[in-house]
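Asker: Each position in the sequence shown, counted from 1, maps to that position plus 114 in our numbering.
Cβ coordinates follow ideal geometry from the N, Cα and C atoms, glycine included.
If you're wondering where the values come from, they're calculated on a predicted model, not measured in any experiment.
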Amino acid sequence: PLGGRWNFDHDNRKKYKGTPPVPPALSFARDVSALLAEITAAGVSGFGQIDATAFPWPANRDEALAQLAYFCQHLLSHFGEYQDALHSEQAFLFHSRLSFALNLKLISPAEVINAAVAQFQQQPAQISLAQIEGFVRQILGWREYVRGVYWKAMPEYSQLNQLDNHHPLPQMFWTGHTRMRCLHLALTQSLRHAYAHHIQRLMVIGNFALLSQRHPDAVDAWYLGVYIDAIEWVELPNTRGMSQYADGGLLASKPYVSSGSYINKMSNYCAGCAYQVKARTGDDACPFNSLYWRFLDDKKAHFAGNPRMAMMLKLLADLPADELAAIRARAGEIMADPDRF
Ligand SMILES: Cc1cc2nc3c(=O)[nH]c(=O)nc-3n(C[C@H](O)[C@H](O)[C@H](O)COP(=O)(O)OP(=O)(O)OC[C@H]3O[C@@H](n4cnc5c(N)ncnc54)[C@H](O)[C@@H]3O)c2cc1C
Ligand code: SF4
Numbered sequence: 115p116l117g118g119r120w121n122f123d124h125d126n127r128k129k130y131k132g133t134p135p136v137p138p139a140l141s142f143a144r145d146v147s148a149l150l151a152e153i154t155a156a157g158v159s160g161f162g163q164i165d166a167t168a169f170p171w172p173a174n175r176d177e178a179l180a181q182l183a184y185f186c187q188h189l190l191s192h193f194g195e196y197q198d199a200l201h202s203e204q205a206f207l208f209h210s211r212l213s214f215a216l217n218l219k220l221i222s223p224a225e226v227i228n229a230a231v232a233q234f235q236q237q238p239a240q241i242s243l244a245q246i247e248g249f250v251r252q253i254l255g256w257r258e259y260v261r262g263v264y265w266k267a268m269p270e271y272s273q274l275n276q277l278d279n280h281h282p283l284p285q286m287f288w289t290g291h292t293r294m295r296c297l298h299l300a301l302t303q304s305l306r307h308a309y310a311h312h313i314q315r316l317m318v319i320g321n322f323a324l325l326s327q328r329h330p331d332a333v334d335a336w337y338l339g340v341y342i343d344a345i346e347w348v349e350l351p352n353t354r355g356m357s358q359y360a361d362g363g364l365l366a367s368k369p370y371v372s373s374g375s376y377i378n379k380m381s382n383y384c385a386g387c388a389y390q391v392k393a394r395t396g397d398d399a400c401p402f403n404s405l406y407w408r409f410l411d412d413k414k415a416h417f418a419g420n421p422r423m424a425m426m427l428k429l430l431a432d433l434p435a436d437e438l439a440a441i442r443a444r445a446g447e448i449m450a451d452p453d454r455f
């Protein structure tokens, strides 16, 4: 492969600390007030907020091409390195915001990849291999992969609940009201922009849903309702498979779960949070921490044969019994009523 490696993921895990500046998001600012009035008059209920005078997404082929050109010229040069970063002031960072145009077939995946690769070839000094590899992998790797999973595994896939999770979603998913700053930011952004990037969807919202053991049907329905790019073939394998591990590992080889430490490593969220990211027990302990250990403890039989989970299960086994009991008790309170937190 070009550069001698198949994957540059290790170069693509930088925390964003305010520089380089993020170019303003391209907006098409279309007035959709009449359409919104028609939908409202038809009695269709919805949630979230919309500025109907300035719908920002590309809605025709020319706009989709303009969005692609803007990404290639202004955002691609930092896409890879910050693709996993989370930042309280930056909803979009260097992400392309092309998923809506792609899923509506205003533009094709091959077109997007070819344009990005051409930009990389024209500007090798500005766009490193790690940036373009990270971007191509999202489309050629992830998007095509989840498409294959959907067509191979449906319709049974939509019924899977291998981890046997049953809690409903808490109200905060419709209001954004919670003292957990990471969740508050990711949820309010989703409700306002119908957009969150993949780490917000996976490692903040999805992580919380899985750790607190929500029913995958409820999680699927929420993701399908909230995001501008949500079309079932691409939403469902991401949500039920990658994020909720409800397929028992068909799509991903281990569950994407983490304690607060991963969120702290990749974001500036924890610094301003009401909770202490390093604490596992006590009233001000980060809820992700107790939920994480309780999740592993509850599901350890399921993960026993998984080599990628072996280290985590060993750490779990080494926890003193009284500490584990305290962790379980606090996690139980959070699971029963997340909106109190
Ligand atoms: C729980 C969960 C639910 C998701 N639901 C959807 C969904 O309903 N629709 C959707 O298009 N994407 C979904 N994704 C994938 C990803 O989050 C979005 O494609 C991405 O955030 C869209 O923003 P962007 O165009 O700025 O992406 P960028 O970060 O700029 O990535 C470029 C493109 O790569 C593709 N891509 C990246 N990751 C994935 C992926 N995991 N699966 C498929 N395509 C990917 C998208 O087409 C995207 O436009 C989901 C991810 C998770 C973890
Ligand atoms: S401390 Fe915990 S709840 Fe607060 S932002 Fe960090 S990870 Fe989220």
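For R144, which of helix, strand or coil comes out of DSSP?
Answerer: Here residue 144 is taken as the residue at index 30 of the sequence shown, counted from 1. Three-state result, R144: strand.
Asker: With which residues is A399 paired in a DSSP beta bridge?
Answerer: Translated into positions along the sequence shown, residue 399 becomes position 285. BP columns for A399 point to Q390.
Asker: Where G374 and N403 are concerned, what is the direct C-alpha to C-alpha distance, given to the nearest angstrom?
Answerer: For the purposes of this step, residue 374 is identified with residue 260 of the sequence shown, where counting begins at 1. For the purposes of this step, residue 403 is identified with residue 289 of the sequence shown, where counting begins at 1. For G374 and N403, the distance between alpha carbons rounds to 6 Å.
Asker: Could you tell me which residues DSSP puts in a beta bridge with F169?
Answerer: By 1-based counting over the sequence shown, the position of residue 169 is 55. Bridge partners of F169: R144.
Asker: What residues in its chain sit with their C-beta under 7 Å from that of S147, if we drop five residues either side in the sequence?
Answerer: Taking the first residue of the sequence shown as position 1, residue 147 is located at position 33. So the list reads A166 and T167, once near-sequence residues are dropped.
Asker: Note down the Cα distance separating R328 from G118, rounded to an integer number of angstroms.
Answerer: By one-based count along the sequence shown, residue 328 stands at place 214. By one-based count along the sequence shown, residue 118 stands at place 4. So the two alpha carbons sit approximately 42 Å from each other.
Asker: Ligand 1 and V371: does any heavy atom of the ligand fall closer than 7 Å to the residue's C-beta?
Answerer: The residue labelled residue 371 in the question sits at position 257 within the sequence shown. Incorrect: V371 has no Cβ contact closer than 7 Å to ligand 1.
Asker: Taking only three categories from DSSP, how would you classify L243?
Answerer: As a first step, residue 243 is located in the sequence shown; it is residue number 129 there, counting from the start. Residue state, collapsed to three classes: helix.
Asker: Just confirm the distance between the C-beta atoms of Q187 and R211, as a whole number of angstroms; I'd bet it's less than 8 Å.
Answerer: Along the sequence shown, read from residue 1 onward, the residue named residue 187 stands at position 73. Along the sequence shown, read from residue 1 onward, the residue named residue 211 stands at position 97. Incorrect: roughly 14 Å between the Cβ atoms, too far for contact.
Asker: Counting by C-beta, which residues lie closer than 6 Å to a heavy atom of ligand 2, in chain order?
Answerer: Every residue passing the under-6 Å Cβ criterion appears here: M294, R295, C296, G374, I377, N378, Y383, C384, C387, Y389, V391, C400, P401 and F402.
Asker: By alpha-carbon positions, which one of Y309, S381, T395 and C400 ends up nearest to Y389?
Answerer: Counting from one through the sequence shown, the residue named residue 389 turns up at place 275. It is C400 whose Cα lies nearest to the Cα of Y389.
Asker: Cβ atoms of I221 and M326: under 8 Å apart, would you say?
Answerer: Position 212 of the sequence shown, counted from the start, is the residue given in the question as residue 326. Position 107 of the sequence shown, counted from the start, is the residue given in the question as residue 221. Going by the sequence as given, residue 326 is Ser instead of Met. No.
Asker: Please work out which residues of its chain come closer than 7 Å, Cβ to Cβ, to L301, disregarding the five sequence neighbours upstream and downstream, and give them in chain order.
Answerer: Residue 301 sits at position 187 when you count from the first residue of the sequence shown. If we look at L301 and ignore the five residues flanking it on each side, its Cβ neighbours are M286, F287, G290 and I319.
Asker: Could you tell me which residues DSSP puts in a beta bridge with R328?
Answerer: Taking the first residue of the sequence shown as 1, we reach residue 328 at position 214. Answer is H281, bridged to R328.
Asker: Regarding Q285 and ligand 1, is the C-beta to nearest heavy atom distance less than 7 Å?
Answerer: On the sequence shown, residue 285 is found 171 positions in, with the first residue counted as 1. No, the beta carbon of Q285 sits no closer than 7 Å to any heavy atom of ligand 1.
Asker: What does the Cβ neighbour count give for E258, buried or exposed, with the cut at 16 atoms within 10 Å?
Answerer: Sequence index remark: in the sequence shown, residue 258 carries index 144 (1-based). E258 comes out exposed.
Asker: Go through its chain and collect everything with a Cβ distance to Q163's Cβ below 8 Å, but skip five positions before and after it.
Answerer: By one-based count along the sequence shown, residue 163 stands at place 49. Hits under 8 Å: L305 and R306.
Asker: Under the criterion of a Cβ to heavy atom distance below 7 Å, does D343 qualify as lining ligand 1?
Answerer: By one-based count along the sequence shown, residue 343 stands at place 229. Yes, ligand 1 has a heavy atom inside 7 Å of this Cβ.
Asker: With hydrogens ignored, establish whether the beta-carbon of N279 is closer than 7 Å to any heavy atom of ligand 1.
Answerer: In the sequence shown, residue 279 corresponds to position 165, counting from 1. N279 Cβ: outside cutoff for every heavy atom of ligand 1.
Asker: Indicate whether F193 and F206 have their beta-carbon atoms separated by less than 8 Å.
Answerer: In the sequence shown, residue 193 corresponds to position 79, counting from 1. In the sequence shown, residue 206 corresponds to position 92, counting from 1. No. Outside cutoff.
Asker: I'd like to confirm the pairing. Which residues does DSSP put opposite Q204 in its beta bridges?
Answerer: Working through the sequence shown from its first residue, we reach residue 204 at position 90. H201, per the DSSP bridge assignment.
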